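For the sequence shown, the working numbering gives the first residue as 31, with consecutive numbering after it.
Backbone N, C-alpha and C fix where the C-beta goes; we use that ideal spot for every residue, glycine too.
Please read these numbers as outputs of a predicted model, since none were measured by experiment.
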Amino acid sequence: MKPSNLSVLEKMHKQKISFSGFPTPLQIMPRLSTVLGGPRLFVKRDDMTDLSFGGNKARKLEFLFADAKNKGADVVVSVGAVQSNCVCMVASAARRLGMKPVLVLVGKAPEVYDGNLLLDKILSADIHFIEEYGPHVEDFMNRLADEFRAKGHKPYVIPAGASMSSTVPGYALAMQELVNQFNQIGEKLDYVVCACGTGGTQAGLIFGAKLLDIKTKILSASVFASNADASRTIVQLVNGSAELLDLDLSIVPEEVTVFDDYIKDGYGVLNNEVTGAIKLVAETEGIFLDPVYTGKAMVMLIDLIKRGYFKEDSNVVFFHTGGFPALFLYRNELGKT
Numbered sequence: 031m032k033p034s035n036l037s038v039l040e041k042m043h044k045q046k047i048s049f050s051g052f053p054t055p056l057q058i059m060p061r062l063s064t065v066l067g068g069p070r071l072f073v074k075r076d077d078m079t080d081l082s083f084g085g086n087k088a089r090k091l092e093f094l095f096a097d098a099k100n101k102g103a104d105v106v107v108s109v110g111a112v113q114s115n116c117v118c119m120v121a122s123a124a125r126r127l128g129m130k131p132v133l134v135l136v137g138k139a140p141e142v143y144d145g146n147l148l149l150d151k152i153l154s155a156d157i158h159f160i161e162e163y164g165p166h167v168e169d170f171m172n173r174l175a176d177e178f179r180a181k182g183h184k185p186y187v188i189p190a191g192a193s194m195s196s197t198v199p200g201y202a203l204a205m206q207e208l209v210n211q212f213n214q215i216g217e218k219l220d221y222v223v224c225a226c227g228t229g230g231t232q233a234g235l236i237f238g239a240k241l242l243d244i245k246t247k248i249l250s251a252s253v254f255a256s257n258a259d260a261s262r263t264i265v266q267l268v269n270g271s272a273e274l275l276d277l278d279l280s281i282v283p284e285e286v287t288v289f290d291d292y293i294k295d296g297y298g299v300l301n302n303e304v305t306g307a308i309k310l311v312a313e314t315e316g317i318f319l320d321p322v323y324t325g326k327a328m329v330m331l332i333d334l335i336k337r338g339y340f341k342e343d344s345n346v347v348f349f350h351t352g353g354f355p356a357l358f359l360y361r362n363e364l365g366k367t
């Protein structure tokens, strides 16, 4: 790695606050590896980060809340699906820093508050439901922010998924953390597998691999966007982050590998393959995946192994990005298995 790139990574560390919980554990999955008969499988436990019930968004929020704190914010406005793990972590982080969480949740208000929505209520977040996504959502968030400004507050707005160029360094540092863990055990890091929603996690991992000058391949399973759209978003995030940091670094869509084959019936729709993947990982490793993100990413990993995508001596890391509370929303389907 170039000394200049090391200084960039050191600079990233200084631009964030710490919610603790890092480094997250790296664990080998020997029983799952044996059952699948493929490469050597590891899991990076970002479901064990220290906000709410854990998840990947903590790495991004360390940068956003550092910025919010520096700007004197006392209110944080964010948006996501009704059961968004991200907005729940936003609410948790806001409370930890003495800020008021204001959440715009896309979808109808349910009769029963469960999963992350229950946690949002326990955190006493100010919740607003809006039926569907569109340009009006951003307008609504800005109006809420204006209302708080008129009352003398200093609001800070966080977009869906907290995915923006300024948060990409969160997962660049995660890649550095992962590489250090592999160096400690004397192993090579061949592949990283993750879910892809708003693209920030994969963008950060790619950015980190570029800075570290390593050839690790990063694969993702899209949970709603086509591979073309997801790749375009990831390129924008990586290149935007490089521009913010004044780096001569860029990528093109051909350098991004996203599989959209596993979206199937749509975002958050549980199918037999996802159910089977969740059960298999629980039965072999005692680890819980979620039906929306990590479950679909595991379906992809299993399928790629069956198709002979990896060499048998490859080391493959599955990035567990959290989402545990969503399991309880699928109690009827998962309870039958």
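Residue i - DSSP class collapsed to helix/strand/coil
| i | result |
| --- | --- |
| residue 283 | helix |
| residue 354 | helix |
| residue 344 | coil |
| residue 275 | coil |
| residue 163 | coil |
| residue 181 | coil |
| residue 156 | strand |
| residue 215 | helix |
| residue 316 | coil |
| residue 339 | coil |
| residue 321 | coil |
| residue 85 | strand |
Backbone CA spacing between residue i and residue j [nearest angstrom]
| i | j | result |
| --- | --- | --- |
| residue 189 | residue 104 | 17 angstroms |
| residue 62 | residue 184 | 49 angstroms |
| residue 334 | residue 228 | 23 angstroms |
| residue 46 | residue 204 | 13 angstroms |
| residue 100 | residue 344 | 44 angstroms |
| residue 218 | residue 206 | 13 angstroms |
| residue 160 | residue 128 | 26 angstroms |
| residue 49 | residue 115 | 16 angstroms |
| residue 193 | residue 346 | 25 angstroms |
| residue 89 | residue 98 | 15 angstroms |
| residue 269 | residue 355 | 33 angstroms |
| residue 84 | residue 267 | 23 angstroms |
| residue 186 | residue 142 | 29 angstroms |
| residue 165 | residue 137 | 15 angstroms |
| residue 17 | residue 120 | Examination of residue 17 is not possible in this model, given that the chain is present from 31 through 367 alone. |
Buried/exposed call for residue i, threshold 16 Cβ in 10 Å
| i | result |
| --- | --- |
| residue 365 | exposed |
| residue 111 | buried |
| residue 302 | exposed |
| residue 276 | exposed |
| residue 195 | buried |
| residue 215 | exposed |
| residue 221 | buried |
Contact belief for residue i with residue j at Cβ below 8 angstroms, rounded distance in angstroms
| i | j | result |
| --- | --- | --- |
| residue 108 | residue 81 | No, residue 108 and residue 81 are not in contact; Cβ-Cβ is about 13 angstroms, not under 8 angstroms. |
| residue 286 | residue 265 | 6 angstroms |
Proximity test, residue i beta-carbon vs the ligand MG heavy atom, cut-off 7 angstroms
| i | result |
| --- | --- |
| residue 325 | Absence of the ligand MG is noted for the structure shown, with no ligands found whatsoever. |
Task: Any 3 or more C-beta pairs closer than 8 angstroms across the segment 70-78 and the segment 51-60 - done: Contact check between the segment 70-78 and the segment 51-60: three or more CB pairs, one atom from each, fall below 8 angstroms, which counts as touching.
Task: Touch test, the segment 299-316 against the segment 274-290, Cβ-Cβ under 8 angstroms, three pairs minimum - done: Output reads no: the segment 274-290 does not touch the segment 299-316.
TODO: Mind the definition here: the segment 304-315 touches the segment 261-275 only if three or more C-beta pairs lie below 8 angstroms; say whether that holds.
DONE: Not touching, per the Cβ criterion.
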